[in-house]
Every structure is written in C-alpha cells, then in structure tokens.
Amino acid sequence: MMEINAPIGVFDSGIGGMIIAKEIAEQMPNERIIYFGDNKNMPYGEKSKNFIIENSMKIASFLLEKKCKALVIACNSITSNALYEIKKKYHKKLIIFNVIDPIVKNKLFLSSKKIGIIATPATIRSNFYIKRIKKYHHHLDIIQISAPLLAPIIEEGVGIIKTKNIIKNYLNDLKSIDTLLLACTHYLFLKKEIENFYYGKVHLIDIQKIVVQEIKNKLKEKKLSCLTTSSKKKLEIFYTSNFLPYFFQKKVQTFFGKNIVFKKHIFFNIL
Numbered sequence: 000m001m002e003i004n005a006p007i008g009v010f011d012s013g014i015g016g017m018i019i020a021k022e023i024a025e026q027m028p029n030e031r032i033i034y035f036g037d038n039k040n041m042p043y044g045e046k047s048k049n050f051i052i053e054n055s056m057k058i059a060s061f062l063l064e065k066k067c068k069a070l071v072i073a074c075n076s077i078t079s080n081a082l083y084e085i086k087k088k089y090h091k092k093l094i095i096f097n098v099i100d101p102i103v104k105n106k107l108f109l110s111s112k113k114i115g116i117i118a119t120p121a122t123i124r125s126n127f128y129i130k131r132i133k134k135y136h137h138h139l140d141i142i143q144i145s146a147p148l149l150a151p152i153i154e155e156g157v158g159i160i161k162t163k164n165i166i167k168n169y170l171n172d173l174k175s176i177d178t179l180l181l182a183c184t185h186y187l188f189l190k191k192e193i194e195n196f197y198y199g200k201v202h203l204i205d206i207q208k209i210v211v212q213e214i215k216n217k218l219k220e221k222k223l224s225c226l227t228t229s230s231k232k233k234l235e236i237f238y239t240s241n242f243l244p245y246f247f248q249k250k251v252q253t254f255f256g257k258n259i260v261f262k263k264h265i266f267f268n269i270l
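Residue numbers are given in numbering that gives the first Met the number 0: position 247 of the sequence shown equals residue 246, and the series is strictly consecutive.
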C-alpha cells in the first residue's frame with residue numbers, strides 16, 4: 000500500500016528531468032523527491048528502443064525499492080519508447096506519470112494551427128507524439144525535427160555562443176510555426192535562447208507546469224498528497240549512474256540548495 004509521506008521518484012537520462020523535479024518542489028513543497036539521472040548512459044536519444052526499455056525498467060525497479068508512491072518518467076525518449084512496458088509491469092505498484100500525455104491532451108493546442116516539435120532521434124523515430132497529438136487534435140499541422148546535439152551540450156555545459164549557433168542551425172527549419180514543443184526535458188534549459196531566436200513570436204509550451212499540475216491533481220484525487228512536511232528531515236536525494244559530474248552537482252545545488260544528498264548507483268548488468 001502506498002504511503003502519503005512516501006517520496007516521488009523522478010528519473011531521466013541526465014539533468015533534463017531536474018526541471019520537472021524543481022517544479023514539483025515548487026508546486027508541492029511538502030513532497031519528498033528521489034531523483035535518478037542515468038548520466039553514464041546519456042544521451043538516450045541516440046540509443047536503441049531495446050536499450051531504452053532495459054535501462055528504464057531497471058531504474059523504475061530501483062525507485063520502487065526506495066518505496067516511492069509515484070514514478071515520474073521525466074524523459075521524452077523513455078516515455079516514447081518504454082512507457083507501455085513500464086506501465087505493464089508497475090502500474091499496480093505505484094502511480095506512473097510521464098511528460099507527454101499531459102501535454103498532448105491539453106487544450107492549449109486548440110488555438111494553434113501549425114506546431115513544431117524538436118526532439119531526440121529516439122523520440123522522433125518512435126512517432127509517439129504524432130500519434131498522440133493527432134488523436135486529440137486532428138486540425139494541427141505538425142513538423143518535427145531531430146536535434147541530437149542539444150542534450151549532450153546541455154549535459155556538458157557548453158558555452159553560450161556555440162549553443163546559440165547549434166540552436167540556430169536546427170530552428171532554421173522550423174520558422175513557419177506558431178507553437179513550439181520542446182520534446183526533450185533537456186531542451187527546457189534553453190527556453191530563453193529559443194524564445195530569443197523567434198523574437199517572442201512563437202509560443203513555447205511550459206511543459207513542466209502542465210506535467211506537474213497533472214501530478215498534483217492525480218495525487219490529490221488518490222488522497223496521496225502530502226499536506227504537511229514529514230517529521231523526518233526533508234532531504235532531496237539525487238542518484239547518478241556515473242561518478243558525480245560537476246555540471247550535474249552544480250545544477251542540483253542551483254535548483255535545490257544545499258539540503259540534498261548525492262549518491263551513486265550503478266546497475267552492473269546494464270550493457
């Protein structure tokens with residue numbers, strides 16, 4: 000049985016999901032978070048479907064062992080390639096959320112005509128977004144492009160000038176749109192630069208706010224919202240599958256301050 004005071008498990012291939020975790024902390028300040036970044040194996044966008052499924056299932060199992068009441072798949076590549084398998088195995092054991100379904104069902108698309116989707120190769124290859132969006136919004140004209148360089152440069156903290164040039168090269172193919180979906184949580188770190196590219200004339204969807212609102216509503220509906228801070232000291236715990244990367248640690252401390260615990264966990268049987 001799930002406990003109200005149990006933590007929410009959030010996982011991603013690296014630091015991208017931290018933006019989701021940060022939004023959870025802001026909208027639901029009484030909730031505890033356990034975060035897992037599979038930095039050793041990022042970027043997932045370059046991996047095969049089988050690799051993504053195998054790794055994400057192991058991480059989901061790990062977070063279940065930590066007695067999480069909810070699992071947030073804060074990665075588009077994992078959601079678009081492994082959501083079915085994760086739900087099939089774990090849906091009776093904890094509540095599962097992802098970063099795609101709350102977006103595609105949202106009414107914000109009703110005022111759009113032509114949207115652009117920028118994502119990793121694995122997400123584009125899955126065609127997951129196209130299928131989901133067309134299910135709810137038949138009127139939309141959709142263009143999607145793969146941006147394989149963005150997640151790695153965000154993870155490594157590459158200089159702003161180089162980053163802007165890479166963004167420009169990708170977005171030059173996405174000029175005739177009214178709405179842009181950053182379909183990789185890593186890309187959310189570049190929202191300001193992308194808005195500047197479009198001079199504010201293209202609407203960028205606030206993915207983290209929509210996703211976390213869904214999490215908040217669902218936990219409340221299931222009577223699993225933590226309404227008061229636990230008697231235990233509220234520590235956010237961050238796991239990484241690699242030796243603690245400097246940029247990972249720096250981002251966590253920027254977002255969550257000093258009251259955090261860093262841990263390393265390696266799945267030795269992951270290829």
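Quick reminder that beta carbons are idealized off the backbone N, C-alpha and C, glycines included.
- A distance below 6 Å between beta-carbons, with the five flanking residues on each side excluded, links residue 262 to the following residues of its chain, in chain order: 238.
- The three-state secondary structure of residue 96, taken from DSSP, is strand.
- Under the criterion of beta carbons closer than 8 Å, residue 247 and residue 14 qualify as touching, at roughly 6 Å.
- Remark: three or more beta-carbon pairs, one from each stretch, lie closer than 8 Å, so the region 11–26 and the region 179–192 are flagged as touching.
- Within the region 106–164, the beta strand (DSSP E) runs of at least 3 residues that lie entirely inside it are, in chain order, 113–118, 140–145.
- For residue 180 and residue 204, the gap between their C-alpha atoms comes out near 6 Å.
- Bounds of the alpha helix (DSSP H) holding residue 208 are 206–220.
- Ranking 89, 126, 11 by CA distance to the CA of residue 43 puts 11 first.
- Contact between the region 20–29 and the region 208–216 is present: three or more C-beta pairs spanning the two stretches fall below 8 Å.
- With respect to the 8 Å criterion, residue 111 and residue 139 are classified as neighbours on the basis of their beta carbons.
- In the three-state reduction of the DSSP assignment, residue 9 falls in the strand class.
- Fewer than three pairs of CB atoms, one per stretch, sit closer than 8 Å, so the region 213–223 makes no contact with the region 117–126.
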